[in-house]
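Everything below concerns the one structure shown next.
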Ligand code: DP6
């Protein structure tokens, strides 16, 4: 029996201008455009192998070694779109094997803990779509494929590109213009670094899908955010990237994180993603920028308490040195990081709220790989 297979890796992205709110739930069409930075796959990535064969009777998906149900409407929507595009190819060229009629075996693994709340669904859906597109030899470009990944998880569409990425909200009801585009490639502003502080949290917060539905339905502040704040910020942030203006990029990033968490608080009943540790980290970053007399670091928080702190490489010793002063007892530091001798007051127990430091940087989009997760029988290795 012949098994066709293809593998890819895909990155995590962390938004600097947040997607929060859907105008269409089943197509994952957003109420605003968003911007993100793609992170390096050395530290955070999903590896996915997709295989197909005449002998595979059904579609199957294994995530981190576990067979998952394929009942989710989102995964089904992605597979249906990809099979439809493959069918179009087969209809136009009768010599092609009829892969669109075979079952798919998909095996996917993250190189980081899925539960840590680190945008694993974005990397996961991006890898799934790109691996199958490669298996099917689809001619569609990354922006076209991003529309399929978007149906899996909104933020996943931005993981189809490296560097600085925008998700243009579009205005068509069928979503055909709601896609990811490159704002600037990695090489345009390569010195962007990210320190992730994984904040310990015992309780599970509201999943982003239901959280944003509640915000759209109940928050008045949200209307101001999507009508006035985000459209202007989208233009300004793209400009700050084009001009590599870190202080402006950083200020917009921090304000947008705060605006997103403000509309969460304005939802009814309110949604709280930041905990006390997160809030103290926000204060610390402002303290660092104040001590420096200019903005050299920017925090941003998604639908959970973890902090992502962006900074430029040439300020690394200052930013990491400052964070090291507070969090030196936490695991994850690499290389030589020396605490700085800034004088500032901080809660000397704060480090206990952080379980891990992940030091990473901006990175490229999905990458081809020879590595495969599927054996000759078409099952996970
Ligand atoms: C706060 O993409 O996870 O991280 O489309 O419902 O799957 P669904 O939501 P998801 O939401 C991400 C929200 C965010 C902001 C962002 O990544 O832009």
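Residue numbers (our numbering): 1 to 381.
Glycine included, each C-beta is placed from N, C-alpha and C at the ideal position.
No experiment lies behind these values; they were computed from the predicted model shown.
Exercise for review: Would you please state the rounded distance, in angstroms, between the beta carbons of residue 126 and residue 149? I believe it to be under 8 angstroms.
Suggested key: 5 angstroms
**Study point:** Contacts around residue 381, its chain only, beta-carbon distance under 7 angstroms, and the 5 residues preceding and following it disregarded
**Key:** 373, 374, 375
Check your understanding: Relative to the alpha-carbon of residue 199, which residue among 72, 251, 280, 98 has its alpha-carbon at the smallest distance?
Key -> 280
Review point. In terms of residue numbering, what span does the alpha helix (DSSP H) encompassing residue 388 cover?
Key: The chain is shown from 1 up to 381; residue 388 falls before or after that span and cannot be answered.
Review point. What separation, rounded to the nearest whole angstrom, lies between the Cα atoms of residue 457 and residue 18?
Key: No statement about residue 457 is possible, as the shown extent of the chain runs from 1 to 381 and does not include it.
Review point. Counting by C-beta, which residues lie closer than 5 angstroms to a heavy atom of the ligand DP6, in chain order?
Key: 15, 18, 19, 28, 34, 153, 154, 155, 208, 209, 302, 303
Review point. How is residue 209 classed by DSSP in three states: helix, strand or coil?
Key: helix
Exercise for review: Specify, as a first and last residue, the run of the alpha helix (DSSP H) that residue 148 falls within.
Suggested key: 142-152
Point to revise | Minimum C-alpha distance to residue 399 - residue among 82, 169, 197 | key: Nothing about residue 399 can be reported from this structure: the residues present for the chain run from 1 to 381 only.
Check your understanding: Which value, in whole angstroms, describes the spacing of the CA atoms of residue 332 and residue 356?
Key -> 6 angstroms
Point to revise | 6 angstroms Cβ shell around residue 196 - same chain, five flanking residues per side excluded | key: 308, 358
Check your understanding: In terms of residues, what are the limits of the beta strand (DSSP E) holding residue 105?
Key -> 103-110
Review point. Counting pairs of Cβ atoms below 8 angstroms between the region 268-283 and the region 241-250, do you hit three or more?
Key: no
Review point. Who are the near neighbours of residue 52 in its chain, counting only those whose CB is closer than 6 angstroms to its CB and skipping five residues on each side?
Key: 4, 99, 102, 104
Exercise for review: Express the C-alpha separation of residue 302 and residue 110 in angstroms, rounding to a whole number.
Suggested key: 19 angstroms
**Study point:** Boundaries (first-last residue) of the alpha helix (DSSP H) holding residue 156
**Key:** Element bounds for residue 156: n/a, residue is neither H nor E.
**Study point:** Three-pair Cβ contact test at 8 angstroms for the region 283-298 versus the region 316-329
**Key:** yes
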